[in-house]
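Undergrad: Residue numbers (the working numbering), protein chains in the order written: chain A, 5 to 265; chain B, 2 to 373.
Here a beta-carbon is modelled for each residue, glycine too, at the ideal position from N, C-alpha and C.
These numbers come from a predicted model, not from an experiment.
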Amino acid sequence: MIFYVQPFVAARDLMKVTKLRYLLFLLGLSLSLVAQSQGTRFLDHLRIGFGAGANSADIRVLESYNIYEDLTEASYENSYSPMLQDIGNQYFAQMEWFNDYLILSLKPGTYTYRFSKINEVMFSSENVRQEVPYLLRYISIPLEARYNFDFQRFRPYAGIGITYSHLLGSHDASNQTFIRPMFSAGAVAGTYIDLRYVILDMHIGYHSGLHNITSKTNRFETGNGSTFAQDDLLLNNLQLSLSVLFSLQKQKHYSNVECFY
Amino acid sequence: MPEDGFTKIYNHPEEVLSFFPESVVELPGGGYIYLSAVKDEQAETEYPSTYLVRTSASGEVEWTMNYDWLAPSARLIQRGNNIGFVAMNRQFEAHVILVDPANGNVSSQQNLEMAMTLYAYSDSRGDLVVLGYDFVSRSSWISRYNESFTLQRSTMLPVNTDLEYLIQRHLNKTGQDFHFFIGEYSNESGTGYYVNCFYNYTLRSVFLDISSLNATGDIYSFQIEEGISSLIQNSGSLFGLTSYYEGNNYLLSEAELQVTASQNIRDLPAKALYELTYKARVIANRASFGNTAYTLFSSQTNTNSLVLYQYLTEADSLVHTHYHRFDHRVTVSDVIQTDDLGIAILGEIYILGKYQRPFLVKMPPDPFLPEN
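1) Do you know offhand how far residue 94 of chain B's Cα is from residue 66 of chain B's?
2) Give every residue of the same chain whose Cβ lies closer than 6 angstroms to the Cβ of residue 58 of chain B, excluding the five residues on either side of it in the sequence, and list them in chain order.
3) Per DSSP, residue 33 of chain B is paired with what?
4) Note down the Cα distance separating residue 1 of chain B from residue 61 of chain B, rounded to an integer number of angstroms.
5) When you compare only the Cα positions, how much space is there between residue 168 of chain B and residue 134 of chain B?
6) Please report whether the beta-carbon of residue 10 of chain B lies at a distance below 7 angstroms from any beta-carbon of chain A.
7) Does residue 270 of chain B pass the burial test, meaning 16 or more other C-beta atoms within 10 Å, or should it be called exposed?
8) What are the boundary residues of the alpha helix (DSSP H) that residue 233 of chain B is part of?
9) Name the one or two DSSP bridge partners that residue 161 of chain A has.
10) Can you pull the chain B neighbours of residue 76 of chain A, defined as C-beta to C-beta under 7 angstroms?
11) Compile a chain-ordered list of the residues in the stretch 350–372 of chain B whose CB is closer than 7 angstroms to at least one CB of chain A.
12) Could you work out which residue in B:314, B:315, B:326 is closest to residue 307 of chain B when comparing CA atoms only?
13) Are the C-beta of residue 73 of chain A and some C-beta of chain B separated by less than 7 angstroms?
14) Starting from the C-beta of residue 276 of chain B, find all residues in its chain whose C-beta is less than 8 angstroms away, skip the five residues before and the five after it, and write them out in chain order.
15) Kindly indicate the opening and closing residues of the beta strand (DSSP E) around residue 96 of chain B.
16) Would you say residue 3 of chain B lies against chain A (beta-carbon separation less than 7 angstroms)?
17) Suppose contacts are defined by Cβ-Cβ distances below 7 angstroms. Is residue 8 of chain B in contact with residue 333 of chain B by that definition?
18) Are the CB atoms of residue 51 of chain B and residue 35 of chain B nearer to each other than 7 angstroms?
19) Could you name the residues of chain B that residue 87 of chain A contacts, counting a contact when the two beta carbons are closer than 9 angstroms?
20) Give me the Cβ distance between residue 342 of chain B and residue 366 of chain B, rounded to the nearest whole Å; I'm assuming they're in contact under 8 angstroms.
21) Taking residue 60 of chain B as the query, report the chain A residues whose CB atoms sit under 8 angstroms from its CB, ordered along the chain.
22) With DSSP as the reference, identify every bridge partner of residue 63 of chain A, one or two as the case may be.
23) Identify each residue in the stretch 215–229 of chain B for which the Cβ-Cβ distance to at least one residue of chain A is less than 7 angstroms, and report them in chain order.
24) DSSP beta-bridge partners for residue 20 of chain B?
25) What span of residues does the alpha helix (DSSP H) with residue 48 of chain A cover, start to end?
26) Does the beta carbon of residue 278 of chain B come closer than 7 angstroms to any beta carbon on chain A?
27) Give me whichever residues DSSP pairs with residue 185 of chain B in a beta bridge.
28) Residue 239 of chain A to residue 246 of chain A, Cα distance in whole Å?
29) DSSP state of residue 166 of chain B, grouped into three classes?
30) Between which residues of its own chain and residue 115 of chain B is the CB-CB distance below 7 angstroms, once the five residues before and five after are set aside?
31) Given this structure, state the Cα-to-Cα distance separating residue 261 of chain B from residue 183 of chain B, to the nearest angstrom.
32) Report the option in B:119, B:340, B:101, B:127 whose CA atom is closest to the CA atom of residue 288 of chain B.
33) Within 10 angstroms of its Cβ, does residue 121 of chain A collect 16 or more other Cβ (buried), or is it exposed?
34) What whole-angstrom Cβ distance do residue 162 of chain B and residue 241 of chain B have, given they're in contact under 8 angstroms?
35) Going by beta carbon distance, what residues of the same chain come within less than 8 angstroms of residue 70 of chain B, once the five residues before and after it are set aside?
36) Let's see if you can read the secondary structure: which residues bound the beta strand (DSSP E) around residue 84 of chain A?
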């Protein structure tokens, strides 16, 4: 279902892009202030790299809106695919500033979430199950603060993070039923593995959406494949990622020979 | 609910039932009542019964009521605190039935003393105008009743050919769906009704004098295979209309019509609407957005979309075309402007491509405003 109101949508998108730029500017400003305060040592505490991983959306319904009404007073409920059924992915660059215990990590990239909406239409001799797949692709900027323990080659950590995301457009009509910006927060845990020239970062994180992602004014504008109303949703997700980081400081040299007394 | 729009499809679990939505009204306190003809494949009578549904302002069902009255005619009428419809009893005698919108209980019923009702219309004076068909005289039958449903005037328009079988098939939903409708006009030539009905071998829009109900003029086409699907007065002798012939649908957003003459539809230049369904049902409405008058022609496309052509009435220019897409075949039944200046559209959808069920779409006013 599509209403064409292009000028309004364009203005709205422009405003959101401006917000995104503003956020990026603030992040850059923060990092440059940290750099100034640390003087030339800043680069010694910086590492950069890239990563990828898989994620699973965990959809929570805030309020259900079903397009079907039953004339015999039965009720129709929507449900969503359980976690780990539909797997999404993420690709990101990773920049980290660290000291002995604290790590600030920035992982801008594309984060794609997949999930399915299931609803049933009831008839006296059949119940028809309708499953509609969703694919939401966001440009995201997660910022994480991690506390790590130095066990030399292995450095496990735990931390918290907050993410700003911006939903990209698609040809899927259902894409219009979601608002563009999304904020989420969550916890991460993982470990660094120091391989002398590169550092691997294996981490897992659970992020919880901080607000409803459904556009209240475009709730009923779905229509590509199925006709239904969009519920009010929280998009939570579980992420598993592997990153490769390159340190800009001189590497520590851990011995390959262990001593026993 | 912060939204001012919704889409609802009203399902009934019985597969043997087919719903044919006819008319919707918005209630003064909010919410809607819509009328459907319901055909049961296993019923003894071949004519559909009457089904009313009341919904909340956001489209949720509040009550439903099935009545034994047969072949209900569009449109619903409002009388005081009651909602009424015209339908037939099992002897095919037309009645007007008033129901309490609070619970659907019948408040009163009255025999209209006519048969085979095809359309009912409540005019600007509060009179009820009903179109029927008389099998004996083979005539279209138009009657006007006052507010208490007392017969004021009646007229017969001879068809001159036997259309009993076609009329029966139209009423029991097994044959062609003819676009019967009634509206009213007022200009320097007089005040009257236009009635789309069978007359003199063809399906015509006949102009009737409001007092005498005498035919003053008409627009005709080829027999019953072609015709006018909607008609609305813009101003004076200027009318907007849609038609279908030679397999296509046509739109004249503004045409000068003489209500005192007989005109051939083919003499009027028209814009082809190839996207509309075969012999498409079209609803023409007057609507006001931002204190500006618009004419809406609402119909359905071959790609399962509702389509609303929004014309600026005064300038006769198309300002917006609104599409509302569904995943299955749809047909528009009725369109009204709501109190919040949005648009409510009642229609029929084939759920899963199989079962005919009503839907109600409420569009907010924003997409219709001039700046959009």
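TA: Per the coordinate set shown:
1) Working through the second sequence from its first residue, we reach residue 94 of chain B at position 93. Working through the second sequence from its first residue, we reach residue 66 of chain B at position 65. A direct Cα-to-Cα measurement between residue 94 of chain B and residue 66 of chain B gives close to 21 angstroms.
2) Numbered from 1 along the second sequence, position 57 holds the residue referred to as residue 58 of chain B. Short of 6 angstroms from the beta carbon of residue 58 of chain B, and not among the five residues preceding or following it, lie these beta carbons of its own chain, in chain order: 31, 32.
3) Within the second sequence, residue 33 of chain B is the residue found at index 32, counting from 1. Beta-bridge pairing by DSSP links residue 33 of chain B to B:27, B:56.
4) Only positions 2 to 373 of chain B appear in the structure, and residue 1 of chain B is not among them; the question remains open.
5) Working through the second sequence from its first residue, we reach residue 168 of chain B at position 167. Working through the second sequence from its first residue, we reach residue 134 of chain B at position 133. Spanning the two alpha carbons is a distance of roughly 8 angstroms.
6) Working through the second sequence from its first residue, we reach residue 10 of chain B at position 9. Between residue 10 of chain B and chain A, the shortest Cβ-Cβ separation is below 7 angstroms.
7) The residue given as residue 270 of chain B occupies position 269 in the second sequence. Counting the other Cβ atoms within 10 Å of the Cβ of residue 270 of chain B gives fewer than 16, which makes it exposed.
8) The residue you call residue 233 of chain B lines up with position 232 of the second sequence. Looking at the DSSP string, residue 233 of chain B is not in any alpha helix (DSSP H); the run it does join, the beta strand (DSSP E), is 228–236.
9) Numbered from 1 along the first sequence, position 157 holds the residue referred to as residue 161 of chain A. DSSP lists A:152, A:194 as the bridge partner or partners of residue 161 of chain A.
10) Along the first sequence, one-based indexing puts residue 76 of chain A at 72. Within 7 angstroms Cβ-Cβ: 13, 14.
11) Per Cβ criterion, the list reads 352, 353, 368.
12) Here residue 307 of chain B corresponds to residue number 306 of the second sequence, with the count starting at 1. Minimum Cα distance to residue 307 of chain B is reached at B:326.
13) As a working mapping, residue 73 of chain A is identified with position 69 in the first sequence. Taking CB atoms only, residue 73 of chain A has a neighbour in chain B less than 7 angstroms away.
14) Indexing the second sequence from 1 puts residue 276 of chain B at position 275. If we look at residue 276 of chain B and ignore the five residues flanking it on each side, its Cβ neighbours are 302, 303, 304, 308.
15) The residue labelled residue 96 of chain B in the question sits at position 95 within the second sequence. Segment 94–100, the beta strand (DSSP E) holding residue 96 of chain B.
16) Here residue 3 of chain B refers to the residue found at position 2 when the second sequence is read from its first residue. Bear in mind that a pLDDT of 39 at residue 3 of chain B, under 50, signals an unreliable position, so the model cannot answer this.
17) Residue 8 of chain B sits at position 7 when you count from the first residue of the second sequence. Residue 333 of chain B sits at position 332 when you count from the first residue of the second sequence. Between residue 8 of chain B and residue 333 of chain B, the C-beta gap is not smaller than 7 angstroms, which leaves the two residues out of contact.
18) The residue given as residue 51 of chain B occupies position 50 in the second sequence. The residue given as residue 35 of chain B occupies position 34 in the second sequence. By the CB criterion at 7 angstroms, residue 51 of chain B and residue 35 of chain B fall outside the cutoff.
19) Taking the first residue of the first sequence as position 1, residue 87 of chain A is located at position 83. Correct list: empty, because the minimum Cβ distance to chain B is about 28 angstroms.
20) By 1-based counting over the second sequence, the position of residue 342 of chain B is 341. By 1-based counting over the second sequence, the position of residue 366 of chain B is 365. The beta carbons of residue 342 of chain B and residue 366 of chain B sit about 4 angstroms from each other, so the pair counts as a contact at 8 angstroms.
21) Residue numbering aside, residue 60 of chain B sits at position 59 when the second sequence is read from its first letter. Among the residues of chain A, those whose CB is under 8 angstroms from the CB of residue 60 of chain B are 73, following chain order.
22) As a first step, residue 63 of chain A is located in the first sequence; it is residue number 59 there, counting from the start. Per DSSP, A:239.
23) Answer set for the stretch 215–229 of chain B: empty.
24) Here residue 20 of chain B is taken as the residue at index 19 of the second sequence, counted from 1. Answer is B:39.
25) Position 44 of the first sequence holds residue 48 of chain A. It spans 45–48 - the alpha helix (DSSP H) in which residue 48 of chain A sits, taken as one unbroken run.
26) Here residue 278 of chain B refers to the residue found at position 277 when the second sequence is read from its first residue. Answer no: the Cβ-Cβ gap between residue 278 of chain B and chain A never drops below 7 angstroms.
27) Locating residue 185 of chain B in the second sequence gives position 184, where the first residue counts as 1. DSSP output for residue 185 of chain B lists B:194 as bridge partner(s).
28) Here residue 239 of chain A refers to the residue found at position 235 when the first sequence is read from its first residue. Here residue 246 of chain A refers to the residue found at position 242 when the first sequence is read from its first residue. Between residue 239 of chain A and residue 246 of chain A, the C-alpha separation is close to 22 angstroms.
29) On the second sequence, residue 166 of chain B is found 165 positions in, with the first residue counted as 1. In the structure shown, residue 166 of chain B sits in a helix (DSSP, three-state: H, G or I).
30) Locating residue 115 of chain B in the second sequence gives position 114, where the first residue counts as 1. Excluding sequence neighbours, residue 115 of chain B sits near 95, 131, 133, 142, 144.
31) Counting from one through the second sequence, the residue named residue 261 of chain B turns up at place 260. Counting from one through the second sequence, the residue named residue 183 of chain B turns up at place 182. Linking residue 261 of chain B to residue 183 of chain B through their CA atoms gives a straight-line distance of about 17 angstroms.
32) In the second sequence, counting from the first residue as 1, residue 288 of chain B sits at position 287. Selected option, being the one with the closest Cα: B:340.
33) Here residue 121 of chain A refers to the residue found at position 117 of the first sequence. With 16 or more neighbouring CB atoms inside 10 Å of its own CB, residue 121 of chain A falls in the buried class.
34) Position 161 of the second sequence, counted from the start, is the residue given in the question as residue 162 of chain B. Position 240 of the second sequence, counted from the start, is the residue given in the question as residue 241 of chain B. The C-beta separation of residue 162 of chain B from residue 241 of chain B comes to about 30 angstroms, leaving the pair out of contact by the 8 angstroms criterion.
35) Counted from its first residue, the second sequence places residue 70 of chain B at position 69. Counting only Cβ-Cβ distances below 8 angstroms, and skipping sequence neighbours, we find 50, 51, 86, 88, 89, 90, 96, 98.
36) If you number the first sequence from 1, residue 84 of chain A lands on position 80. Taken as a continuous stretch (DSSP letters only), the beta strand (DSSP E) holding residue 84 of chain A covers 82–84.
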